[in-house]
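Read the structure below first, then the notes.
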Amino acid sequence: GQIDFHDYKRIDIFMPQGSCTFSGSASIGTVPIYTDDGDIQASWSINFSSNQSLVAHDLGHQFGLAHANAIYCTGCEDIGNQSVEYGDTFDVMGSGFRHFNAAHKEEVGWLGVENSVIVTSGEYLLKPLEIGQSGGAIQQIKLPLTKVPDYYSWYTGPVYLSLEFRQPIDFDAGVSSNMLYSGVPLHYSIVPSPYSASTNLINFDFSDLVPLLQIDHPYDNPVNDYHIALKSVTSDGALVSINAASTASP
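Count along the sequence shown starting at 1, add 150, and that's the number in the working numbering.
Shown next as structure tokens:
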């Protein structure tokens with residue numbers, strides 16, 4: 151034919167849904183595909199709808215991303231809490247038509263080491279996640295965990311708490327609760343890793359529209375001895391303080 155599949159690394163097929171009971175399906179990253187032109191290595195998706203959220207979600211899978219889940223817990227002292235698939239309402243890999251979270255942006259190569267820090271204490275200014283920042287401007291804070299949620303118990307590499315800051319910019323605009331823009335969401339993540347595993351939004355308020363960290367609402371992770379507080383926030387950034395939970399003031 152007129153198409154040589156060797157020229158393509160991503161194949162997206164749109165077709166009527168017919169009797170299928172799902173809206174679409176996609177590969178996680180690239181996989182071997184047999185064509186009339188011979189074997190190729192490419193990612194693929196089959197979409198029964200042109201809905202933008204569905205197409206973006208399946209493109210995320212083709213980029214190598216798993217889902218954006220959520221763990222609902224009170225204080226998260228119990229690391230055995232269940233992961234809820236698609237529970238992250240702030241990520242298109244979950245149930246929201248929003249930007250990828252910081253860990254997912256790192257995973258696809260959109261957020262480099264020059265804009266992330268791995269720390270256990272200190273104060274840091276988080277810049278908005280939606281727009282590119284100069285080198286040295288922090289868009290992700292990663293806290294290594296000693297005790298990890300059961301969801302990641304199979305993984306022998308490092309597991310992190312990932313902190314980010316959102317503002318009402320393009321696809322992150324229009325969240326019905328403005329608390330997203332005055333707080334800092336936290337996620338569990340294993341990025342970077344040779345494996346694709348879902349991130350998990352930590353939701354200790356049991357509310358899909360209230361991110362965890364507010365100025366008057368710090369987060370304690372006693373099993374890993376972290377006390378995380380939001381000191382100040384403007385549209386330009388969120389100042390976050392990280393200390394040992396065992397020494398934090400009551």
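Where a beta carbon is used, it is the ideal one built from N, C-alpha and C, also for glycine.
Sub-8 Å separation of residue i and residue j beta-carbons
| i | j | result |
| --- | --- | --- |
| Thr349 | Asn231 | no |
| Leu336 | Ser303 | no |
| Gly210 | Val242 | yes |
| Leu279 | Ile288 | no |
| Ser266 | Gln290 | yes |
| Thr270 | Leu293 | yes |
| Ile268 | Ile352 | no |
| His367 | Phe321 | no |
Cβ neighbour criterion (16 or more within 10 Å) applied to residue i
| i | result |
| --- | --- |
| Phe164 | exposed |
| Thr384 | exposed |
| Glu256 | buried |
| Ser396 | exposed |
| Thr239 | buried |
| Lys159 | exposed |
| Ser199 | exposed |
| Ser382 | exposed |
Cβ-Cβ separation, residue j to residue i (assumed contact under 8 Å), whole Å
| i | j | result |
| --- | --- | --- |
| Gly387 | Phe315 | 7 Å |
| Ile392 | Gly272 | 6 Å |
| Asn219 | Lys297 | Rounded, the Cβ-Cβ distance is 19 Å, inconsistent with contact. |
| Tyr331 | Gln317 | 6 Å |
| Gln202 | Phe172 | That pair is no contact at about 18 Å. |
| Leu363 | Ile378 | 6 Å |
| Ala176 | Asp208 | 4 Å |
Same chain only: Cβ atoms within 6 Å of residue i, ignoring 5 sequence neighbours per side
| i | result |
| --- | --- |
| Phe213 | Val258 |
| Thr180 | Gln191, Ala192, Ser193 |
Residues near residue i by beta carbon distance below 7 Å, same chain, minus five either side
| i | result |
| --- | --- |
| His217 | Glu235, Tyr236, Met243, Gly244, Ser348 |
| Gly262 | none |
Close Cβ partners of residue i (< 8 Å) along its chain, the five nearest in sequence each way excluded
| i | result |
| --- | --- |
| Ile183 | Phe155, Ile161, Asp189, Ile190, Gln191, Ala192, Trp194 |
| Tyr305 | Val298, Ile340, Ser343, Tyr345, Ala347 |
| Gly324 | Pro318 |
Proximity test, residue i beta-carbon vs the ligand GDP heavy atom, cut-off 7 Å
| i | result |
| --- | --- |
| His254 | Ligands displayed in this structure: none; no statement on the ligand GDP is therefore possible. |
- Query: What are the start and end residues of each continuous beta strand (DSSP E) run of 3 or more residues lying completely inside the stretch 327-385, in chain order?
  - Reply: 336-339, 349-353, 369-371, 376-384
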